[in-house]
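Undergrad: Reminder that position 58 of the sequence shown reads as 1031 in my numbering, one-by-one numbering, no gaps.
Below are the structure tokens for one structure; questions will follow.
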Amino acid sequence: MITVAISQRVCVMPEHSSASSSSLAVVFTKQLRVGHAKVQVWRYARTPYEARTKVHETDQLLEAHELDFLERFEKRGERVRWISRAEYVPGVGASPTNDFIWLTNDSQKTELKCTIVQGSTIVKDISTAVVKALKHGVVKDIFVIDIGESSTFPKLLSQVKKYDSSRQNFSERQIRRLFLMAEDGDIFMGIQLN
């Protein structure tokens, strides 16, 4: 146990904590009187975020939208293993990776896009991910689009279905499979690409 005194606050944190700093929160425990001074004792506690990541058995630091997706997806009976992000190289950046291995879909590497409900935005997000990955020799050809609580509508589906046909002259930019999750996970569908 390490005790850190900050002015008149005392913070107590685990000595061998493997948790990242973002998964610990300082929580007020009690107030003590030491001589004439009042000292507040605080402790580090696990945050709800860390509890959520532990449930999904990932050591990867997931962004909030990824964690929301994962909870809705697993609630549907799907299972995934999150892929660790590539290391950041100063001046170069990190190489793109797919987001997860979809265990209940033949262990296929899959890319997640959480976005607003607009066909052109979805198409642009897919295209950007595919092109960026190609530049690094990575293939992103299976996508799950999560539009959160929003509903699907015919115009959206029509626009997204045309992704591959609008890239006929660029076959390397086409994708194999596309799935859409909507209405907070209640709707999940494979989209037949034209």
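Every residue gets a Cβ at the ideal spot worked out from N, C-alpha and C, and that includes glycine.
Ordered along the chain, which non-local residues of its own chain (more than five positions away) have a Cβ less than 8 angstroms from that of Lys1086?
TA: Ile1095, Asp1098, Ile1099, Ala1102, Phe1116, Val1117, Ile1118 and Asp1119
Undergrad: Measuring straight from C-alpha to C-alpha, what distance separates Val1065 and His1109?
TA: Val1065 and His1109: Cα-Cα distance of roughly 11 angstroms.
Undergrad: Here's a check: name, in chain order, each residue in its chain whose Cβ is nearer than 8 angstroms to the Cβ of Ile1148, leaving out the five neighbours to either side.
TA: Ile1099, Val1103, Lys1113, Asp1114, Ile1115, Phe1116, Tyr1136, Asp1137 and Leu1166
Undergrad: For the candidate residues Ala1059, Thr1077 and Ser1124, whose alpha-carbon lies nearest to that of Pro1069?
TA: Ala1059
Undergrad: Taking Cβ positions, are Thr1125 and Leu1153 nearer each other than 8 angstroms?
TA: yes
Undergrad: Which of the three DSSP states, helix, strand or coil, is assigned to Gln1132?
TA: helix
Undergrad: Between Phe1042 and the rest of its own chain, which residues show a CB-CB distance below 7 angstroms, the 5 nearest in sequence each way excluded?
TA: Leu1085, Cys1087 and Asp1119
Undergrad: Where does Asp1159 land, buried or exposed, given buried means 16+ other C-beta within 10 angstroms?
TA: exposed
Undergrad: Reducing DSSP to helix, strand and coil, say where Ile979 ends up.
TA: For Ile979, the predicted model reports a pLDDT of 42, less than 50, meaning its position is unreliable; a value from the coordinates is still stated below. Here Ile979 sits in strand by DSSP.
Undergrad: Using only CA atoms, which one of Ile1074, Val1062 and Lys1048 lies nearest to Trp1055?
TA: Ile1074
Undergrad: Does Phe1143 pass the burial test, meaning 16 or more other C-beta atoms within 10 Å, or should it be called exposed?
TA: exposed
Undergrad: Here's the rule: buried if 16 or more other CB atoms are within 10 angstroms of the residue's CB, otherwise exposed. What is Glu1039?
TA: buried
Undergrad: Taking 7 angstroms as the limit between beta carbons, can you name the residues of its chain near Ser994, skipping five residues before and five after?
TA: A caution first: Ser994 carries a pLDDT of 43, below 50, which makes its placement in the model unreliable, though a value can still be read off. No residues qualify anywhere along the chain.
Undergrad: Apply the 10 Å Cβ neighbour rule to Asp1079 and answer buried if 16 or more other Cβ atoms are within range, or exposed otherwise.
TA: exposed
Undergrad: Hey, Thr1077 and Arg1052: beta-carbon distance below 8 angstroms or not?
TA: yes
Undergrad: Please check the pair Gly1121 and Asp1072, which I expect to be a contact at CB under 8 angstroms, by giving their CB distance rounded to whole angstroms.
TA: At roughly 16 angstroms, the Cβ-Cβ gap does not stay under 8 angstroms, so Gly1121 and Asp1072 are not in contact.
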